[in-house]
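In this note's numbering, the protein residues as written are 441 to 657.
Here it is, written out as structure tokens:
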């Protein structure tokens, strides 16, 4: 407070309008400068390449939901480290998918997981099944399996379709260890084999419903 002049009354000093304008202009410049620095530092082109290439630090786009694609990327990354495919298996998966795309007869192959190495590979017999009955006879009673199935069907419109699906065979009698082992590789197998969809079955008897399910979709 400053001593008043004149009649001796006390009054508060108020900043002049020019002073207020100066403060506002200074704050505005500071905010603009901070924004420019922030944009420069965090622009994608200025992020170090070493950070972008780190598999344990996925970079997501602005506005992307981290609970969806970000979480899926982390899941697929962890699955890829836990389970493996040999190059022979990868080649077989691609060849089987392309070779059955125009097939006129059903074709199916069985894939399993080695419990010790966690390698996903075709059944040692490497049988290509031509009917669901033959396939059902070779499905184990107490162990899960991945079955890749190409099954020509006639749709209600009369058009011929050849769906390529994966049967996730999970018998109710299998133990928890095998359940967890196959459940962890389910999506990885789906993406690697490039099937259109997954159909869950619990027994060989469920195979009887497969043609009807494929024909109505």
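We put the beta carbon where it would ideally sit given N, CA and C, even for glycine.
With a cutoff of 8 Å on beta-carbon distance, residue 590 and residue 546 are scored as near each other.
For the 8 Å CB-CB criterion, residue 525 and residue 656 do not form a contact. If you ignore the 5 residues before and after residue 594, its C-beta comes within less than 8 Å of the C-beta of 600, 601, 655, all in its own chain and listed in chain order. Between residue 638 and the set 588, 583, 552, the nearest pair of CA atoms involves 588. Closest by C-alpha distance to residue 521, out of 560, 616, 604, 568, is 560. Where residue 640 is concerned, there is no enclosing alpha helix (DSSP H), although the beta strand (DSSP E) around it starts and stops at 637 to 641. Boundaries of the alpha helix (DSSP H) harbouring residue 527: 527 to 539, taken from the DSSP string.
The beta carbon of residue 544 is closer than 7 Å to those of 592 in its chain, skipping five residues each way along the sequence. Residue 556 and residue 569 have their C-alpha atoms some 27 Å from each other. Pairing residue 563 with residue 552 gives a Cβ-Cβ distance under 8 Å. With 16 or more neighbouring CB atoms inside 10 Å of its own CB, residue 585 falls in the buried class.
Under the DSSP assignment, residue 569 falls outside any beta strand (DSSP E); it carries neither an H nor an E label. Relative to residue 634, the option among 645, 622, 533 whose CA is nearest is 533. Nearest C-alpha to residue 523 among 625, 636, 529, 619: 625.
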